[in-house]
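The sequence shown maps to residues 8 to 220 in this note's numbering. Just so you know, even glycine gets a beta-carbon here, dropped at the ideal spot from N, CA and C. Keep in mind that this is a model prediction, so the values were computed, not measured. Shown next, in structure tokens, is the structure this report addresses.
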Amino acid sequence: MLKGIFISLEGVDGSGKTSLKEELLGHLAVFDPLSLREPGGTPISEKIRNLLLDTSNEDMQARTEAFLYASARCQLVETVIRPALQQGKMVIADRYIDSTLAYQGFGRGLPLDFLEQLNQLSTGGLRPDLTLLLDLDPTEGARRRAQDAPDRLEKAGLLFQNRVRQGYLQIARQEPQRICVIDAHQPLEMVVKNALQEIQQLLTKRGWYHPRA
Ligand code: TMP
């Protein structure tokens, strides 16, 4: 087992992962967490992100999309996440392997076993210690980000986002020991409270001491 602690945040677009991450970074500052986003987090992965989210890439095939997410992730895992965890750091990632299952699997309809294999290959089997899934009705997610110009995935529409949401919930039912579902319809402070409770349990289990807990 790697020495560090790896936490991923998941959810449909507009579910509040980014706000939650900002809050967590403040509450957990004593651990100096490394904050990352996917796709992204390395120069190469950020370039792949631009390709993936570019609304002019309308004809991108679902498998092309899946391979690009996997490539961005591979670069991030090999050059940033694994070294950080080997050094004993706390890593908080905005999206990781479950996004591929939810979006490319349940959203786009690619076979889940193919995507599981792709995740395995691109990460060398590195899985988060804890995944916080912010569960939100995508209609509410769309309302929350109404002012932002939608990227290519956000343009896929509400039906797509609904399949992604249901997919996430199914993945969570299959791995309840890793994935904790948090109701993201609640005010942010409650979401943060729920998230911190889960993280505290993990820290205790791993023997990490939090002076303010
Ligand atoms: P975000 O930074 O706003 O979360 O944008 C990333 C988009 O990429 C989001 O719509 C979810 C999507 N995505 C996938 O479809 N598959 C993946 O594996 C990842 C990491 C993200």
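Unbroken alpha helix (DSSP H) run spanning residue i, endpoints
i: E281; result: Summary: the structure shown does not reach residue 281, with the chain confined to residues 8 through 220, and so no result is reported for it.
i: E205; result: 195-212
i: P157; result: Neither: P157 is in no alpha helix (DSSP H) and is coded neither H nor E.
i: P4; result: No information on residue 4 is available, as it lies outside the stretch 8 to 220 that the chain covers here.
i: R56; result: 50-60
i: N126; result: 119-130
i: G174; result: 165-181
i: F246; result: Because the chain spans 8 through 220 in this model, residue 246 falls outside it and cannot be assessed.
Identified DSSP bridge partners for residue i
i: T138; result: S15, I186
i: R44; result: D101
Where residue i falls, given that 16 or more other Cβ within 10 Å makes a residue buried
i: F121; result: exposed
i: N57; result: exposed
i: V37; result: exposed
i: A202; result: buried
i: M197; result: exposed
i: D101; result: buried
i: L140; result: buried
i: K24; result: buried
i: T71; result: exposed
i: S52; result: buried
i: R180; result: exposed
i: E182; result: exposed
i: A191; result: buried
i: G33; result: exposed
i: L195; result: exposed
i: L41; result: buried
Residues of its chain near residue i, where Cβ-Cβ distance is below 8 Å and the 5 sequence neighbours each way are ignored
i: P145; result: V19, D20, G21, L165, Q168, N169, V171, R172
i: N64; result: L58, R159
i: R213; result: I12, D136
i: S106; result: E17, E45, Y76
i: R185; result: R134, P135, D136, L137, T138
i: F74; result: L125
i: A153; result: none
Sequence-distant residues of the same chain with beta carbon closer than 6 Å to residue i, five excluded per side
i: G114; result: F167, R170, V171
i: I88; result: V98
Close-in-space but distant-in-sequence residues of the same chain around residue i (CB under 7 Å, 5 per side omitted)
i: D61; result: R159
i: E29; result: none
i: G95; result: K10, G11
i: Q82; result: T49, I51, S52
i: L119; result: L108, G112
i: L209; result: I12, D136, L137
i: R151; result: G21
i: A149; result: G21, L165
Cβ distance (whole Å) where residue i is taken to contact residue j below 8 Å
i: Y69; j: L117; result: It should be noted that the sequence gives Ala, not Tyr, for residue 69. Correct: roughly 5 Å between the Cβ atoms.
i: L27; j: V199; result: 6 Å
i: A43; j: V98; result: First, the amino acid is wrong: residue 43 is Leu here, not Ala. The pair is a contact, with the Cβ atoms about 7 Å apart (cut-off 8 Å).
i: T86; j: I104; result: In fact, because the Cβ distance is near 17 Å, the residues do not count as touching under 8 Å.
i: D155; j: V188; result: With a Cβ gap of about 25 Å, D155 and V188 do not count as contacting.
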